[in-house]
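Worksheet: one structure, shown below.
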Amino acid sequence: MIPYGRQEITQADIDSVIEVLRSDFLTQGPMVPRFEQSVAQHVGAQHALAVNSATSALHIACLALGLGDGDVLWTSPITFVASANCALYCGAQVDFVDIDPRTYNLCPKALARKLDQAEAAGKLPKIVVAVHLCGQPCDMAAIHKLAQRYGFKVIEDASHAIGGKYRGEFIGNGRYSDITVFSFHPVKIITTAEGGMALTNDAQLAQRMALLRSHGITRDPSQMTHEADGPWYYQQIDLGFNYRMTELQAALGVSQMQRLDGYVARRHDLARRYDELLADLPVVTPWQHSDSYSGLHLYVIRLKLEECSQSHRKTFEKLRDAGIGVNLHYIPVHTQPYYRELGFKFGDYPEAEQYYREAISLPMYQTLSEEQQDQVVAALRQAVGA
Numbered sequence: 001m002i003p004y005g006r007q008e009i010t011q012a013d014i015d016s017v018i019e020v021l022r023s024d025f026l027t028q029g030p031m032v033p034r035f036e037q038s039v040a041q042h043v044g045a046q047h048a049l050a051v052n053s054a055t056s057a058l059h060i061a062c063l064a065l066g067l068g069d070g071d072v073l074w075t076s077p078i079t080f081v082a083s084a085n086c087a088l089y090c091g092a093q094v095d096f097v098d099i100d101p102r103t104y105n106l107c108p109k110a111l112a113r114k115l116d117q118a119e120a121a122g123k124l125p126k127i128v129v130a131v132h133l134c135g136q137p138c139d140m141a142a143i144h145k146l147a148q149r150y151g152f153k154v155i156e157d158a159s160h161a162i163g164g165k166y167r168g169e170f171i172g173n174g175r176y177s178d179i180t181v182f183s184f185h186p187v188k189i190i191t192t193a194e195g196g197m198a199l200t201n202d203a204q205l206a207q208r209m210a211l212l213r214s215h216g217i218t219r220d221p222s223q224m225t226h227e228a229d230g231p232w233y234y235q236q237i238d239l240g241f242n243y244r245m246t247e248l249q250a251a252l253g254v255s256q257m258q259r260l261d262g263y264v265a266r267r268h269d270l271a272r273r274y275d276e277l278l279a280d281l282p283v284v285t286p287w288q289h290s291d292s293y294s295g296l297h298l299y300v301i302r303l304k305l306e307e308c309s310q311s312h313r314k315t316f317e318k319l320r321d322a323g324i325g326v327n328l329h330y331i332p333v334h335t336q337p338y339y340r341e342l343g344f345k346f347g348d349y350p351e352a353e354q355y356y357r358e359a360i361s362l363p364m365y366q367t368l369s370e371e372q373q374d375q376v377v378a379a380l381r382q383a384v385g386a
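Here it is, written out as structure tokens:
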């Protein structure tokens with residue numbers, strides 16, 4: 001089976017982890033700050049907080065921005081459920097903005113229309129989570145402009161996008177958002193096995209997220225309510241969580257970061273080759289905005305179903321049967337049973353639902369060979385009846 005995504009673990013990665021295993025610290029040692037500094041310096045952010053998953057990063061990002069009961073968070077319906085669930089964890093409500101039919105990201109025009117309506121109704125969002133689907137950044141300049149006009153905060157869910165760029169600058173630098181979140185799950189561009197990171201240029205937000213990722217506990221005398229009882233002393237000054245990243249994970253991340261730019265470049269080579277090989281098939285290949293240099297976590301095609309001899313499901317199943325581990329990113333969040341119980345229904349976001357009826361994620365990872373890519377294309381050609 002050729003999977004849709006996979007990690008590459010080198011001897012250098014293994015050696016980095018073994019070095020930590022032989023050290024004095026398996027957690028809360030020097031490697032996590034080193035990983036944070038590596039990512040922050042690479043993307044141009046002032047602060048980075050490593051955590052045990054991107055979901056955790058989204059949660060503490062929302063809390064740091066003050067999201068709570070009575071507030072609303074908006075995001076894209078085409079994303080993993082964590083982009084929406086993070087609001088519910090905070091006691092807030094969720095709503096969605098339909099996608100752009102070319103980028104599959106949250107549509108800034110649809111956002112502008114919805115904001116105008118929400119302002120009139122007195123129900124503006126507190127936070128908008130802009131998801132960089134497949135690694136291609138959203139139109140962040142447009143979203144930032146709307147944020148300034150309507151007063152909401154912006155989180156970039158860049159779980160797919162580390163190593164990508166927007167308008168020539170690395171995603172994560174915080175120019176157009178308050179907080180950016182990366183994921184280091186094994187199928188992502190680089191991995192820490194499990195793990196995530198929140199980046200910001202706001203020192204107060206960074207301090208707040210650092211507190212929340214570790215039980216709300218501080219050893220900083222300046223944050224305490226009274227003088228320390230002694231050198232052993234700490235205080236819990238907020239209700240936080242155990243969201244810390246281990247030294248082992250951070251060591252793997254430090255090692256993987258050294259190959260990040262090469263990984264993204266290789267993905268672009270593969271994407272260009274896919275574009276050429278698929279040109280005569282009844283599929284829509286990924287469109288890239290001129291402002292974008294995608295991280296290319298995913299390569300999503302859309303079937304031109306009127307030109308295919310098979311249905312979307314049958315095409316997917318034929319590819320799986322042929323040993324091609326395709327996937328579908330994502331089922332629209334608002335159609336999930338849990339969200340339908342909250343009042344969402346089919347028909348709410350037509351562009352997202354049409355995308356879901358046509359999309360298939362083809363294998364895309366840095367160690368995918370051209371021979372394997374040829375196998376993928378041959379199987380797809382047969383599956384669509386071309």
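According to the UniProt record's numbering, the residues represented by the sequence shown are 1 to 386, in order.
For every residue, glycine included, the Cβ atom is placed at its ideal position computed from N, Cα and C.
(request) Determine contact between the region 218-231 and the region 192-199, defined as no fewer than three beta-carbon pairs at a distance below 8 Å. (result) no
(message) Once DSSP output is grouped into helix, strand and coil, what is the label at R302?
(response) Start at 1 with the first residue of the sequence shown, and residue 302 comes out as number 302. R302: strand per DSSP, three-state reduction.
(request) Compute the Euclidean distance between the alpha carbons of A142 and A92, then round it to the nearest angstrom. (result) The residue you call residue 142 lines up with position 142 of the sequence shown. The residue you call residue 92 lines up with position 92 of the sequence shown. Going from the Cα of A142 to the Cα of A92 covers about 25 Å.
(request) Give me the Cα-Cα distance between N85 and P77, rounded to the nearest whole angstrom. (result) As a position in the sequence shown, residue 85 is number 85, starting the count at 1. As a position in the sequence shown, residue 77 is number 77, starting the count at 1. Going by the C-alpha atoms only, they are around 12 Å apart.
(message) I need the DSSP call for R266, collapsed to helix, strand or coil.
(response) Within the sequence shown, residue 266 is the residue found at index 266, counting from 1. It is helical.
(message) Residues in the same chain with beta-carbon distance under 6 Å from S16, minus the five sequence neighbours each way, listed in chain order, please.
(response) Position 16 of the sequence shown holds residue 16. Same-chain partners within the cutoff: A251 and S255.
(message) Let me make sure I understand the geometry here. Which of P363, Y365 and F346 has the alpha-carbon closest to that of R357?
(response) Here residue 357 refers to the residue found at position 357 of the sequence shown. The shortest C-alpha separation from R357 is found at F346.
(message) When you compare the CB positions of H132 and E156, do they come within less than 8 Å of one another, or not?
(response) By one-based count along the sequence shown, residue 132 stands at place 132. By one-based count along the sequence shown, residue 156 stands at place 156. Contact: yes.
(request) Tell me whether Y293 sits in a helix, a strand or coil according to DSSP, three-state version. (result) Within the sequence shown, numbered from 1, the residue matching residue 293 stands at position 293. Note: Y293 maps to strand in three-state DSSP.
(request) Could you tell me whether the Cβ atoms of Y299 and A271 are closer together than 8 Å? (result) In the sequence shown, the residue the question calls residue 299 occupies position 299. In the sequence shown, the residue the question calls residue 271 occupies position 271. It is a contact, given that the beta carbons lie within the stated cut-off.
(message) Measuring alpha carbon to alpha carbon, tell me which residue in Y150, L199, E119 and Q375 is nearest E36.
(response) Taking the sequence shown and counting its residues from 1, one reaches residue 36 at position 36. Selected option, being the one with the closest Cα: L199.
(request) Go ahead and label E19 buried or exposed: buried means 16 or more other beta carbons lie within 10 angstroms of its beta carbon, across all protein chains shown. (result) On the sequence shown, residue 19 is found 19 positions in, with the first residue counted as 1. Exposed, since its Cβ has fewer than 16 Cβ neighbours within 10 Å.
(request) Please go through the same chain and pick out, in chain order, the residues whose beta-carbon is closer than 8 Å to the beta-carbon of R340, but skip the five residues on each side of it. (result) Walking along the sequence shown from the start, residue 340 turns up at place 340. Answer for R340: H334, listed in chain order.
(message) Could you give the first and the last residue of the continuous alpha helix (DSSP H) run that contains A61?
(response) As a working note, residue 61 is residue 61 in the sequence shown. That run of the alpha helix (DSSP H) goes A54 to A64.
(message) Distance check for E119 and T246, CA to CA, integer angstroms please.
(response) On the sequence shown, residue 246 is found 246 positions in, with the first residue counted as 1. On the sequence shown, residue 119 is found 119 positions in, with the first residue counted as 1. If you take the alpha carbons of T246 and E119, they lie about 44 Å apart.
(message) Using a Cβ-Cβ cutoff of less than 6 Å, which residues in the same chain neighbour L212 once the five nearest sequence positions on both sides are dropped?
(response) For the purposes of this step, residue 212 is identified with residue 212 of the sequence shown, where counting begins at 1. Hits under 6 Å: I60, L63 and G240.
(message) Taking the beta carbon of Y234 as the centre, do at least 16 other beta carbons fall within 10 Å, making it buried, or is it exposed?
(response) For the purposes of this step, residue 234 is taken as the residue at position 234 of the sequence shown. With fewer than 16 Cβ atoms within 10 Å of its Cβ, Y234 is classed as exposed.
(request) Spell out the partners DSSP gives P47 in its beta bridges. (result) Walking along the sequence shown from the start, residue 47 turns up at place 47. Correcting the residue identity first, residue 47 is His in this sequence and not Pro. Its beta-bridge partners are T200.
(request) Give me the Cα-Cα distance between L67 and Y89, rounded to the nearest whole angstrom. (result) Within the sequence shown, residue 67 is the residue found at index 67, counting from 1. Within the sequence shown, residue 89 is the residue found at index 89, counting from 1. Going by the C-alpha atoms only, they are around 10 Å apart.
(message) Considering only the alpha carbon of each residue, which of F96, R6, F152 and T27 lies closest to E351?
(response) To locate residue 351, count along the sequence shown from 1; it is residue 351. When each option's Cα is compared against that of E351, the closest is F96.
(request) Can you give me the Cβ contacts of Y349 inside the same chain, cut-off strictly under 7 Å, excluding the 5 residues immediately before and after it? (result) Taking the sequence shown and counting its residues from 1, the one referred to as residue 349 is at position 349. Contacts found: P77, F96, D98, P332 and H334.
(request) Please state if the CB of P286 and the CB of C134 are separated by a distance shorter than 8 Å. (result) By 1-based counting over the sequence shown, the position of residue 134 is 134. By 1-based counting over the sequence shown, the position of residue 286 is 286. Yes, the pair counts as a contact, with Cβ atoms nearer than the cut-off.
(request) Assign D100 to one of three DSSP states: helix, strand, or coil. (result) Within the sequence shown, numbered from 1, the residue matching residue 100 stands at position 100. If DSSP states are grouped into helix, strand and coil, D100 belongs with coil.
(message) If I measure Cβ to Cβ from L65 and keep anything under 8 Å in the same chain, skipping five residues before and after, which residues do I get?
(response) The residue you call residue 65 lines up with position 65 of the sequence shown. Hits under 8 Å: K126, I127, K153, I155, D178, I179 and L205.
(request) Run the CB neighbour count on A50, radius 10 Å, all protein chains shown included, and call it buried at 16 or more, exposed below. (result) As a working note, residue 50 is residue 50 in the sequence shown. It is buried - the Cβ of A50 has at least 16 other Cβ atoms within 10 Å.
(message) Less than 8 Å between the C-beta atoms of H215 and Q236, yes or no?
(response) Position 215 of the sequence shown, counting from 1, holds the residue named residue 215. Position 236 of the sequence shown, counting from 1, holds the residue named residue 236. A contact, by the Cβ cut-off of 8 Å.
(message) For S361, report the span of its beta strand (DSSP E) as first-last.
(response) Here residue 361 refers to the residue found at position 361 when the sequence shown is read from its first residue. Here the beta strand (DSSP E) through S361 covers A359 to L362.
(message) Less than 7 Å between C-beta atoms, sequence neighbours within five positions excluded: which residues of the same chain meet that for R102?
(response) By one-based count along the sequence shown, residue 102 stands at place 102. These residues qualify, in order along the chain: W287.
(message) In the DSSP output, what is residue 463 paired with across the bridge?
(response) In the structure as shown, the chain starts at 1 and stops at 386, and residue 463 therefore has no counterpart that could be examined.
(request) Would you mind working out which of S23, K304 and V32 sits nearest G385, comparing C-alpha positions? (result) As a first step, residue 385 is located in the sequence shown; it is residue number 385 there, counting from the start. Looking at the Cα atoms, K304 is the closest of the given residues.
(message) Measuring straight from C-alpha to C-alpha, what distance separates S309 and A110?
(response) Here residue 309 refers to the residue found at position 309 of the sequence shown. Here residue 110 refers to the residue found at position 110 of the sequence shown. Their backbone Cα atoms lie some 34 Å apart in a straight line.
(message) Short of 8 Å in beta carbon distance, which residues of its chain neighbour residue 410, apart from the five on each side in sequence? Order them along the chain.
(response) The requested residue 410 is not part of the displayed model; the chain covers only 1 to 386.
(request) State the DSSP-derived secondary structure class of E8, mapped to helix, strand or coil. (result) As a first step, residue 8 must be located in the sequence shown, where it is residue number 8. E8: coil per DSSP, three-state reduction.
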